[in-house]
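Participant:
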Amino acid sequence: MKPATVACMGSAADHTSDIDGYAVAVVREETGWKVTPLSGGALDSLQEAEQQLRELRAAGAVFGLLNVDDEFFIVIRPSPSGARLLLSDATAAVDYDIAEDVLERLHIDVPDLDPDDVDDVDPWEEGDVAVLADLGLPDGVMSIIVGDTDLYADEQLGMIAARLGFADELSGVLDDLGD
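Take any residue in the sequence shown, count from 1 to its spot, add 672: that is its number in our numbering.
1) By alpha-carbon positions, which one of Val845, Leu715 and Leu785 ends up nearest to isoleucine 748?
2) In terms of residues, what are the limits of the alpha helix (DSSP H) holding isoleucine 748?
3) To which residues of the same chain is alanine 685 closer than 6 Å at the C-beta, ignoring the five residues directly before and after it?
4) Could you compute how far the alpha carbon of leucine 737 sits from the alpha carbon of tryptophan 705?
5) Classify aspartate 806: buried if its beta carbon has 16 or more other beta carbons within 10 angstroms, exposed otherwise.
6) Could you check whether phenylalanine 735 and leucine 804 sit closer than 8 Å to each other, using their CB atoms as the reference points?
7) First and last residue of the beta strand (DSSP E) that includes glycine 736?
8) Look at alanine 825 and aspartate 690 and say whether their C-beta atoms are less than 8 Å apart.
9) Which class does aspartate 784 belong to by DSSP, given the choice of helix, strand or coil?
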């Protein structure tokens, strides 16, 4: 799978993001998986992405997958007590507000790195690696996927989708977005 560079765009009322990538909602329904794009500022704002996911109000499991500039990804899983979060690369918080927002929500300081040195530092994940364990992706497997730094974020998300059984649905949405 080649890196996706799909600009996340919403309605005319939304602002257009300068960040490439994609943001999708994944819902587990009785008949299978449903994947739909999130709109507008979901790649810019953790709060916006979480709000869009909460508005789905599905009976089954709901989570969001955000591929931010093919640099890192975020998994968001809303729950009544907040949201479970996984950030694939904590060093991204040096350059990206949404990654900083995730660390803030997790009560973790932004890494004290010079922006020019970020590319020289090995990335590490922060958050809940077991965020999708009850759906069939054990934390050990998620750790392996996140730890494979040779993969782009969209490739890592593709592995998550394949493992959980919604790779075709994700590919269909990405094709519709113009990948």
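Beta carbons: idealized from backbone N, C-alpha and C, even for Gly. All figures in this text were calculated on a predicted structure; none of them were measured in a lab.
Facilitator: Working from what's here:
1) For this step, residue 748 is matched to residue 76 along the sequence shown. Considering only alpha carbons, the answer is Leu715.
2) To locate residue 748, count along the sequence shown from 1; it is residue 76. It is not in any alpha helix (DSSP H) - isoleucine 748 instead sits in the beta strand (DSSP E) that spans 744–751.
3) Numbered from its first residue, the sequence shown carries residue 685 at position 13. Below a pLDDT of 50, predicted positions are generally treated as unreliable, and alanine 685, at 32, falls in that range; no measurement from the model is reported.
4) To locate residue 737, count along the sequence shown from 1; it is residue 65. To locate residue 705, count along the sequence shown from 1; it is residue 33. Here the C-alpha atom of leucine 737 lies approximately 14 Å from the C-alpha atom of tryptophan 705.
5) Translated into positions along the sequence shown, residue 806 becomes position 134. By the 16-neighbour rule on beta-carbons within 10 angstroms, aspartate 806 is exposed.
6) For the purposes of this step, residue 804 is identified with residue 132 of the sequence shown, where counting begins at 1. For the purposes of this step, residue 735 is identified with residue 63 of the sequence shown, where counting begins at 1. Taking 8 Å as the Cβ cut-off, leucine 804 and phenylalanine 735 qualify as a contacting pair.
7) Taking the sequence shown and counting its residues from 1, one reaches residue 736 at position 64. 734–740 is the span of the beta strand (DSSP E), which, as asked, contains glycine 736.
8) Along the sequence shown, one-based indexing puts residue 825 at 153. Along the sequence shown, one-based indexing puts residue 690 at 18. No.
9) The residue given as residue 784 occupies position 112 in the sequence shown. Aspartate 784: coil per DSSP, three-state reduction.
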